[in-house]
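Read through the structure below, which is laid out as structure tokens, and then see the notes.
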DNA sequence: GATGAATGAGTATTCATTCAT
DNA sequence: GATGAATGAATACTCATTCAT
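Protein chains in written order, with full-length UniProt numbering: chain H, 1 to 220; chain B, 1 to 220; chain D, 1 to 220; chain Z, 1 to 220.
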């Protein structure tokens, strides 16, 4: 693993554990046993590191939320895929969600990338919902697709912040994020096709069980 | 106006305009034309000032969301009252919403007060929704009252952050917050009694109109 | 009791309890329930207060160490008088002994007064020792009177500091100061007339007993 | 000379010249022509610098007062060694002696180290005195060894403070410290073996001469 | 690729003292 | 006599970033 990648990985880890504001570039360097100068050889900036992390984040979003089309999209496996992806992104980049505005407003270039990714994501989500409508899994009135997409994005975007504000401990657990996944499912519940009720119940059960797990297992 | 109050007012204004993290105690003092020492004569801390602002915030919440009981709660005036209160609190303390976690996790004492206020608010909101159920204005199934309360709180709590993240300009307009009020109404829409449809439409119209207003008028 | 005197008394108490450097003029005023302005109405300075305390200190020294002359000086009561006076002055003005150099070098005027008092004290002590020589209580060779005086003064002057440095707790107990009194007696021991041995033993016993007392009684 | 060492040396010099309390970290940095940030790159704290100085102090004490055993301890050279060491430590770390209690009570960790060093020193001094007894240089009754050790330590510890209080100028001269060395010798005088009188006189003469020297030579 | 010493602007806070009322 | 609001200079410490080697 190259130094450049090790820096990104260490920064991500420390940001997630301690909050981006509390992690200095010197901390990252010390954590890796390299010199601060070396860190600045690979990255022009602290923000530059965050850009690289954001890139990973964006790639995950793109890969994970490319709409599956055709009958395959009706299978339960697809639901697990999307919901696990939501969890993964919330957990892996929780520092980003926890400090979204600080990070974005400090760096307009990153902010623009973020907005582009969000737009793209919205398009994908809408396509996805329409596909699920077509596959008779969901039944969302057309004019509600847009606001629902927005609500979903908003809940996912601020679930980490919301939960962090609920506890004196700034760190969040995986359990709390699975709760967020279950909440997303709840938002979709009114639109599930009647005969998909059992399927929904099973999914819901699955994530609620994970939300009850005290340890931090990762769904595979 | 006493110096102590002028400090609180100036701090609130500057925090809202520039973000709490970017406003130093010296900035506040300079903005008022007083010495830093004088500021520290009236407040022990920067946090002490924030505590005072939070107190104002909490008082507004308490006063504004004390549930109205009896037939009066069915009048449209009550809706205007509550929705305007939501707007007021989001606008007047937007710096707080925009930096919620930073502020809370830096000051555990404040965090405890915040959690207490939130609990109290949840109780009041639930009582309010039940009363509106009783008055046949809403028809929320009992087991949905709690999750709905949570969702409402979450949307209000992070609307400012959410909207801030959507724009390159960190400052948010009143219009955007009226949009948030309209969104709250939207969350309640499914539960409105059928014959209250017209009333709802009127309310919705009102706030959507405000959300379209480019200048910053304030509903009275 | 006049405000002026109350200020001096409060300052002395707080200085002794918490150390002069840790007691601000505002502390003193708050402790008395008066305004800082009022304190400065009565005293030009924090140093001015210390001057007043020093004056009390100097008066005690003068009164207590005026040499008793004639056969009376041979009585044990005289010894108790002098040794109790040493204890009193160490206890009552322990903040002064604990911060001697800080206080003196910050205020040359006070320093001059201090040096004058010390010179006067040295003269008195020497006269006293000579009288005790004359009364056949002590037998100090003439050329040793001066160095002995100096040693006595030095031990008394820095006993408080010395003991404070021996303990992690900056506060000193009365017991520890009685130990200092016993130490003074020890310095004189070699010069006691052989037949005064019993008397010396009794004195020594007395102060060593007090040094063992855990509570803080005051000898009268 | 490395920057780290230069900082320690400059701090020691400025502390000795102006008193520890009057020397800020910025003063030290400015005096060396380096940035305050650089100083904090090498030391976490002002206290951290003092810890480093204390370490040097402790090392000197340990090295210099390791008891010499055997007949060698009877030679005059040994006396010069010990008395010069006393002088050196009083001179080189005079700021420490001048502000002992301020420095110790502000930093409990340092205070503990200090007490440990003092205990070790007491043990060494007692061993040394016993060896000199064995070598027939001194004749100290066994039960007087402990109090004598204490007195020696106390005189050395507070000689700097004592002398500083005697003069309006807070700075102390080397001459005055040589006087302190002579005083130490005086305390031992009663216990010198009769036939060592000439030797003692020579030693005493030596340090008294240095105490009379206005310039600041250093015995080698 | 990597080191690590160096920069310097920035920030919250303290406290003896003043003065209009 | 007394109030209490106001002053302002001073201080320890941080951290993203640079650059000679």
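Backbone N, C-alpha and C define an ideal beta-carbon position, used for all residues, glycine too.
query                                                                                                                                                          : result
Is the shortest distance between the beta-carbon of residue 104/D and the beta-carbons of chain Z less than 8 Å?                                               : yes
Can you tell me whether residue 81/D is buried or exposed? The criterion is at least 16 other CB atoms within 10 Å of its CB, across all chains shown.         : exposed
Can you give me the C-alpha to C-alpha distance between residue 70/B and residue 131/B, rounded to a whole angstrom?                                           : 8 Å
Give me the Cα-Cα distance between residue 92/B and residue 16/B, rounded to the nearest whole angstrom.                                                       : 8 Å
What in chain H is Cβ-close to residue 192/B, meaning under 9 Å?                                                                                               : Result: empty, since nearest Cβ-Cβ is about 15 Å, beyond 9 Å.
Would residue 184/D and residue 83/D be called neighbours here (beta carbons separated by less than 8 Å)?                                                      : yes
By Cβ distance below 7 Å, which residues in the same chain neighbour residue 151/Z in space, the five residues on each side in sequence not counted?           : 187
Alpha carbon to alpha carbon, how far is residue 26/B from residue 10/B? Give it in angstroms, no decimals.                                                    : 12 Å
Between residue 149/H and the rest of its own chain, which residues show a CB-CB distance below 6 Å, the 5 nearest in sequence each way excluded?              : 122, 125 and 126
Do we get a CB-CB distance below 8 Å when we pair residue 154/H with the residues of chain B?                                                                  : yes
Less than 8 Å between CB atoms is the rule here; does residue 178/D satisfy it with respect to chain Z?                                                        : no
Check residue 65/Z in the structure and name its three-state DSSP category.                                                                                    : coil
Judging by CA-CA distance, which residue of 214/B, 204/B and 196/B is the nearest neighbour of residue 75/B?                                                   : 196/B
Do residue 165/B and residue 100/H have their beta-carbon atoms positioned less than 8 Å apart in this structure?                                              : yes
One question on the structure: do residue 66/D and residue 34/D come within less than 8 Å of each other, judged by their Cβ atoms?                             : no
Give, in chain order, every residue of the region 84-104 of chain H whose Cβ lies closer than 9 Å to some Cβ of chain B.                                       : 98, 99, 100, 101, 102 and 104
Give the straight-line distance between the Cα atoms of residue 180/D and residue 159/D, rounded to the nearest whole angstrom.                                : 6 Å
Helix, strand or coil: which one does DSSP assign to residue 168/H?                                                                                            : coil
For a test of the three-state rule: what should DSSP assign to residue 192/Z, helix, strand or coil?                                                           : strand
The alpha helix (DSSP H) with residue 35/Z in it runs from where to where?                                                                                     : Residue 35/Z -> no alpha helix (DSSP H), and no H or E assigned at all.
Note down, in chain order, all residues in the region 109-135 of chain D with a beta-carbon under 9 Å from any beta-carbon belonging to chain Z.               : 111, 112, 114, 115 and 118
Tell me residue 138/Z's beta-bridge partners as DSSP assigns them.                                                                                             : 192/Z
Terminal residues of the continuous alpha helix (DSSP H) containing residue 85/Z?                                                                              : 76-92
Reducing DSSP to helix, strand and coil, say where residue 43/Z ends up.                                                                                       : coil
Does chain H have any CB closer than 8 Å to the CB of residue 32/B?                                                                                            : no
Rounded to a whole number of angstroms, what is the C-alpha to C-alpha distance between residue 220/H and residue 79/H?                                        : At residue 220/H, the pLDDT of 35 sits below 50, so the modelled position is not reliable and the matter cannot be decided from this model.
Going along the region 146-176 of chain D in order, which residues come within less than 8 Å of chain Z, judged by CB to CB distance?                          : 147, 154, 155, 157, 158, 161, 162, 164, 165, 166, 168 and 170
For the candidate residues 55/H, 8/H and 88/H, whose alpha-carbon lies nearest to that of residue 43/H?                                                        : 8/H
Could you give the distance in angstroms between the alpha-carbon of residue 60/Z and the alpha-carbon of residue 14/D?                                        : 38 Å
Would you check if the region 47-61 of chain Z and the region 98-113 of chain Z touch, i.e. whether three or more CB-CB distances between them fall below 8 Å? : yes
Taking the alpha-carbon positions, what's the residue 38/D to residue 40/H distance?                                                                           : 58 Å
Between the alpha carbons of residue 1/B and residue 108/B, how many angstroms are there, rounded?                                                             : 31 Å
On the CB-based measure, 16 or more other CB atoms within 10 Å of its CB, does residue 223/Z come out buried or exposed?                                       : What is shown of chain Z runs 1 to 220, which leaves residue 223/Z out entirely.
Within 10 angstroms of the Cβ of residue 174/Z, are there 16 or more other Cβ atoms? Answer buried if so, exposed if not.                                      : buried
Grab the span of the alpha helix (DSSP H) containing residue 8/D for me, first residue to last.                                                                : 3-18
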